[in-house]
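See below for the structure under consideration.
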Amino acid sequence: MTAPAQSPEARAHVLRAREIKRCEAEAIGVDERFISDMVDGFYAAIRTDDLLGPIFAARVSDWPPHLARMKQFWRSILHNSGEFSGNPMARHIAIPGLERRHFIRWLELFYANLQQMAQDPRSSEHVGKRARMIAESLLTGINVARDGVAGAMTKEALPHV
Numbered sequence: 001m002t003a004p005a006q007s008p009e010a011r012a013h014v015l016r017a018r019e020i021k022r023c024e025a026e027a028i029g030v031d032e033r034f035i036s037d038m039v040d041g042f043y044a045a046i047r048t049d050d051l052l053g054p055i056f057a058a059r060v061s062d063w064p065p066h067l068a069r070m071k072q073f074w075r076s077i078l079h080n081s082g083e084f085s086g087n088p089m090a091r092h093i094a095i096p097g098l099e100r101r102h103f104i105r106w107l108e109l110f111y112a113n114l115q116q117m118a119q120d121p122r123s124s125e126h127v128g129k130r131a132r133m134i135a136e137s138l139l140t141g142i143n144v145a146r147d148g149v150a151g152a153m154t155k156e157a158l159p160h161v
């Protein structure tokens, strides 16, 4: 099934919105280089982490394609680039044993990486907020998949940037 065709006006609106979001992010230092360095630094930390490293090692054997995909993902999130397609929720639900402590550690490493590289505190806050929203969404999805609607009712606090 194909998506319905967009009108030229709707397409122009989407392109303007993407350009605005990218420019706003770049104005605080979140450009393509920042995203690339962020992903590389973050996953370098993940790979050596006692809690998260084994989870990734069991699933990622060829790191360059994975890093390229994660850079697409983060450009889509932070610049609204529209270049990522995939289902992160399904991928995370399929990992047995993922729980709150894993997402807390993920955020701790993510925030530490941001603090090391960010030259503008607004960039750490901007990117960190999105990371936390992603972690909350994935954790909620996992809880719902495992526990049904009751999983959505138990909002678990995750750390802030």
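Note that this note's numbering gives residue 137 to position 137 of the sequence shown, counting from 1, and the numbers run on in steps of one.
Note that beta-carbon positions come from the ideal geometry of N, C-alpha and C, so glycine has one too.
No experiment lies behind these values; they were computed from the predicted model shown.
Are residue 138 and residue 128 close, meaning C-beta to C-beta below 9 Å? If you number the sequence shown from 1, residue 138 lands on position 138. If you number the sequence shown from 1, residue 128 lands on position 128. Cβ atoms of residue 138 and residue 128: not closer than 9 Å.
Alpha helix (DSSP H) segment containing residue 14, residue limits: Reading the sequence shown from its first residue, position 14 is the one you call residue 14. Here the alpha helix (DSSP H) through residue 14 covers 8 to 27.
Supposed contact pair residue 45 and residue 109 - C-beta distance, whole angstroms, cut 8 Å: Walking along the sequence shown from the start, residue 109 turns up at place 109. Walking along the sequence shown from the start, residue 45 turns up at place 45. Going by Cβ atoms, the distance from residue 109 to residue 45 rounds to 5 Å, so yes, they are a contact pair.
Is it a yes or a no for the stretch 83 to 93 touching the stretch 15 to 32, going by three-plus beta-carbon pairs under 8 Å? no
Same chain, Cβ closer than 7 Å to residue 124, five either side skipped, listed in chain order: Position 124 of the sequence shown, counted from the start, is the residue given in the question as residue 124. Result list for residue 124: 114, 115, 118, 161, in chain order.
Answer with buried or exposed for residue 13, where buried requires no fewer than 16 other C-beta atoms within 10 angstroms of its C-beta. Here residue 13 corresponds to residue number 13 of the sequence shown, with the count starting at 1. By the 10 Å Cβ count, residue 13 comes out exposed.
Report the residue ranges of all alpha helix (DSSP H) runs contained in full by the stretch 78 to 118; include only those spanning at least 4 residues, in chain order. Within the stretch 78 to 118, the complete alpha helix (DSSP H) runs of at least 4 residues are 88 to 93, 100 to 117.
Return the CA-CA distance between residue 141 and residue 16, expressed in angstroms with no decimal places. Against the sequence shown, residue 141 aligns to sequence position 141. Against the sequence shown, residue 16 aligns to sequence position 16. Taking the straight line joining both Cα atoms gives about 31 Å.
Once DSSP output is grouped into helix, strand and coil, what is the label at residue 64? Against the sequence shown, residue 64 aligns to sequence position 64. The answer is helix: DSSP assigns residue 64 an H, G or I state.
Looking at the structure shown, is residue 126 part of a helix, part of a strand, or coil, going by DSSP? Taking the first residue of the sequence shown as 1, we reach residue 126 at position 126. Annotated three-state conformation of residue 126 is helix, per DSSP.
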